[in-house]
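Colleague: This is the structure I have questions about; it appears just below.
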Ligand code: UD1
């Protein structure tokens, strides 16, 4: 298993380009199951989750997908197999995104239940309830969701809780259902809006995506189109925090500052000097940081996917920063590793209080999930001495060329194979 070695501390400088959003491209790939004719997605990141989704779609009969130089093409072959097996789904929870498209296209689907994961239980009850409201028959059998329904119909659906992949699954299904579906209390993440933009380019009729209420008028078929995936706001936020944590000055290019409002606002309140220019954000090297509280909530609030990286940054700030996680119930696994590097963090329920500044020292640490591994990189860059992060595969799931990009910014970071 690969590890990542960082020789710290370092001060980042230079320019870095953000890749396409993993969380936008995954539902867009699942949507390809419903599309007739050649489809092209550009700005696709070469990350393991994309490779896993290519395998999932290949297993479902779409063996014509090709990713080259950031462009993913599908010639337009139809899915022939309705079953997404446990071995593939367990590698990536987002595989549940094939449930709605398979059902819409083939009238049946059998998808392994994703089960728990390191950051909590993450059920899919809201996906299932909504599909039932559209007339699908759904049974849970031997660890699988077994769904059928040849003529799904539009429905009035209100999600009890905002769910990103839930909103996406139902938006896709409703695109090929009979009549109008109105979804309320939808997730408003930019990735949901990007999926709708892609589906609309393919002939779907979706309005309001990116807002709380989404209206979908079902169409008979979707045809292939070309679509550019939005930039990854979580990757961009990770670079901003890494720069601030090292007292460095960098420019993050090809990003969408408007997707990072709550993050930029929080960093500014910490004293980080940020300048937005078009699709770039520049962090200027500056003096000491202030501790600022943060609470994760659905978009447009502070994202749970940047909570861990922000915690690593707050170890440098003066005062107490209370970081409250409200989206997932078990997302503080990085706390133990940060403490081993010298961080002073107390956890009580959903809130971690980071007391700083606490200079970090390099240590062997273990990544527990994708964003926790990014947190350990942010910590390792500012720590004195060597940090060796094991289980580097977590970071490869969602960050494209992460080692190369940080090296370009002047970090002494390398991948240790084996
Ligand atoms: C997506 C993102 C993930 C991000 C998360 C929250 C993708 C591929 N992944 O995950 O990176 O951390 O949004 O921004 O886009 N819930 C239920 N029942 C359901 C569905 C969800 O109770 O049927 C709960 C979850 O347990 C969680 C909350 O709702 O507490 C939000 O989860 P959700 O938005 O569904 O997360 P994902 O779509 O899995």
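Numbering (my numbering), first residue to last: 4 to 421. Ideal Cβ placement from N, Cα and C applies to all residues, glycine included. Keep in mind the model is a prediction, meaning the values are calculated, not measured.
My parser needs the alpha helix (DSSP H) runs of 4 or more residues fully inside the segment 232-279; what are they?
Modeller: Counting whole runs of 4 or more residues, the segment 232-279 contains the alpha helix (DSSP H) stretches 236-248, 264-273.
Colleague: Where do the N-terminal and C-terminal ends of the beta strand (DSSP E) with residue 216 fall, by residue?
Modeller: Residue 216 -> no beta strand (DSSP E), and no H or E assigned at all.
Colleague: When you compare each of 82, 135, 323 to residue 109 by their alpha carbons, which one comes out closest?
Modeller: If we check each option's Cα against that of residue 109, 82 comes out closest.
Colleague: Assuming residue 301 contacts residue 190 under a Cβ cut-off of 8 Å, what Cβ separation, rounded to an integer in Å, is found between them?
Modeller: That pair is a contact at about 6 Å.
Colleague: To the nearest angstrom, how far is the alpha carbon of residue 324 from that of residue 341?
Modeller: Distance between the alpha carbons of residue 324 and residue 341: 15 Å.
Colleague: Do residue 248 and the ligand UD1 come close, with the Cβ less than 7 Å from some heavy atom?
Modeller: Result no, Cβ not under 7 Å from the ligand UD1.
Colleague: Round the Cβ separation of residue 2 and residue 49 to the nearest angstrom and send it over; I've been treating them as touching at under 8 Å.
Modeller: Only positions 4 to 421 of the chain appear in this structure, which leaves residue 2 out of reach.
Colleague: Along the chain, where does the alpha helix (DSSP H) that runs through residue 178 open and close?
Modeller: Counting along the chain, the alpha helix (DSSP H) containing residue 178 begins and ends at 167-178.
Colleague: Select from 95, 272, 235 the residue whose C-alpha is nearest the C-alpha of residue 255.
Modeller: That would be 235, whose Cα lies nearest to the Cα of residue 255.
Colleague: Which residues bound the beta strand (DSSP E) around residue 11?
Modeller: Residue 11 -> beta strand (DSSP E) spans 6-11.
Colleague: Starting from residue 343, follow the beta strand (DSSP E) in both directions and report where the run begins and ends.
Modeller: Unbroken run through residue 343 is the alpha helix (DSSP H), 337-343; no beta strand (DSSP E).
Colleague: Please return the same chain residues whose Cβ sits closer than 6 Å to the Cβ of residue 336, not counting the five positions on each side in sequence.
Modeller: Cβ within range, chain order: 371, 375.
Colleague: Do residue 127 and the ligand UD1 come close, with the Cβ less than 7 Å from some heavy atom?
Modeller: Answer for residue 127: yes, Cβ within range of the ligand UD1.
Colleague: Label residue 78 either buried or exposed according to how many other C-beta atoms from any shown protein chain fall within 10 Å of its C-beta, with 16 as the threshold for buried.
Modeller: Exposed, because fewer than 16 other Cβ atoms sit within 10 Å of the Cβ of residue 78.
Colleague: In the DSSP output, what is residue 38 paired with across the bridge?
Modeller: Bridge partners of residue 38: 225.
Colleague: What does the alpha-carbon distance come out to for the pair residue 203 and residue 116?
Modeller: Taking the straight line joining both Cα atoms gives about 29 Å.
Colleague: What distance in whole Å lies between the Cβ atoms of residue 270 and residue 247, which are believed to be in contact at a cut-off of 8 Å?
Modeller: That pair is a contact at about 6 Å.
Colleague: For the 8 Å Cβ check, are there 3 or more pairs between the segment 56-65 and the segment 93-103?
Modeller: A contact exists between the segment 56-65 and the segment 93-103.
Colleague: Just to confirm my understanding: we take residue 321, look at its own chain, exclude 5 residues before and 5 after, and list those with CB closer than 8 Å. What are they?
Modeller: Cβ within range, chain order: 291, 292, 293, 294, 359, 360.
Colleague: Identify, in the order they occur along the chain, each residue of the same chain with its Cβ nearer than 6 Å to the Cβ of residue 330, setting aside the five sequence neighbours on each side.
Modeller: If we look at residue 330 and ignore the five residues flanking it on each side, its Cβ neighbours are 299, 307.
Colleague: Taking only the alpha-carbon atoms, compute the straight-line gap between residue 18 and residue 31 and give it to the nearest angstrom.
Modeller: Computed Cα separation, rounded: 29 Å.
Colleague: For residue 228, collect the residues of the same chain with a Cβ closer than 6 Å to its Cβ; drop the 5 residues on either side in sequence, then sort them by chain order.
Modeller: If we look at residue 228 and ignore the five residues flanking it on each side, its Cβ neighbours are 204, 205.
Colleague: In whole angstroms, give me the CA-to-CA distance for residue 162 and residue 367.
Modeller: Straight-line Cα distance between these residues: approximately 42 Å.
Colleague: Pairs of beta-carbons, one from the segment 123-135 and one from the segment 166-186, closer than 8 Å: are there three or more?
Modeller: Segments in contact, yes.
Colleague: Run the proximity test for residue 164: is its beta-carbon closer than 7 Å to any non-hydrogen atom belonging to the ligand UD1?
Modeller: Yes; taking the cut-off as 7 Å, the Cβ of residue 164 has a heavy atom of the ligand UD1 nearer than that.
Colleague: For the beta strand (DSSP E) containing residue 351, name the first residue and the last one.
Modeller: Run containing residue 351: 347-351, per the beta strand (DSSP E) assignment.
Colleague: On the DSSP letters alone, give me the boundaries of the beta strand (DSSP E) that residue 416 sits inside.
Modeller: Segment 416-419, the beta strand (DSSP E) holding residue 416.
Colleague: So does residue 306 have its beta carbon nearer than 7 Å to some heavy atom of the ligand UD1?
Modeller: It does: the Cβ of residue 306 is within 7 Å (strictly closer) of some heavy atom of the ligand UD1.
Colleague: How big is the Cα-Cα spacing for residue 272 and residue 280?
Modeller: When rounded, the distance between both Cα atoms is 19 Å.
Colleague: Could you give the residue range of the alpha helix (DSSP H) that holds residue 61?
Modeller: From DSSP, the alpha helix (DSSP H) with residue 61 extends over 51-62.
Colleague: Give a yes or no on whether the C-beta atoms belonging to residue 364 and residue 349 are separated by under 8 Å.
Modeller: Contact flag unset, no.
Colleague: Report yes if the CB atom of residue 384 is closer than 8 Å to the CB atom of residue 239, and no otherwise.
Modeller: Their beta carbons are not under 8 Å apart, which means residue 384 does not touch residue 239 by this criterion.
Colleague: Opposite residue 142 in the DSSP bridges: which residues?
Modeller: In DSSP, residue 142 forms a bridge with 149.
Colleague: Could you tell me which residues DSSP pairs with residue 111 in its beta bridges?
Modeller: Note: residue 111 sits in a beta bridge opposite 151.
Colleague: Taking DSSP as the reference, what is the three-state secondary structure of residue 364?
Modeller: Strand.
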